[in-house]
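Some notes on the structure that comes next.
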Amino acid sequence: MTRAPAVLRVAVTSQLRARRFYERVLRLRPAPNSPAGHLRFWVGNRLIELHARSRQGGSVQHAVGKSTHVALRVADFCYEYQRMTSAGGSFVGQVQQVRGVWRARVSDPDGNIYTVLEVRTPAASAQQSRS
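Counting from 1028, one number per residue, gives the positions in the sequence shown under the numbering used here.
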């Protein structure tokens, strides 16, 4: 078995609009040598590949904004939440804190959901609450 990077394919209606979101809100940089019609971003050793698809076209599996939900772990949830909000991120629902995990869901322009989360140790949680 080979250890090739995993690729998550995300359907979008406008690559230009999606690129602005992925670069400004999620702070991802395009991967070089993306195939024609696709835009790729590295997240660790994984690729997120955006491909243009009409809202009506495509299979259910790759329907725009209907099947993608990805979790992105961050080092400082409060900082990233504020930064993403300032960058135009549209958060869905409320910030949640359960058993040391802080999380919120941000939507790209096509409705694909990214959960931004930080897993805090008990000591880090206590220090954060004193700040």
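Glycine is no exception: its CB is placed at the ideal position from the N, C-alpha and C atoms.
- The Cβ atoms of A1033 and R1080 lie no closer than 8 angstroms to each other.
- If you ignore the 5 residues before and after L1055, its C-beta comes within less than 6 angstroms of the C-beta of Y1049 and F1068, all in its own chain and listed in chain order.
- In this structure, DSSP gives T1112 a helical state, which the three-state scheme calls helix.
- Sequence-distant Cβ neighbours of F1118 in its own chain, meaning closer than 6 angstroms and more than five residues away, are A1131 and V1133.
- In this structure, the beta-carbon distance from W1129 to R1110 does not fall below 8 angstroms.
- DSSP, reduced to helix, strand and coil, places L1053 outside both helices and strands of the structure shown, so it counts as coil.
- Under the 10 Å beta carbon count, Y1106 is surrounded by fewer than 16 other beta carbons and is classified as exposed.
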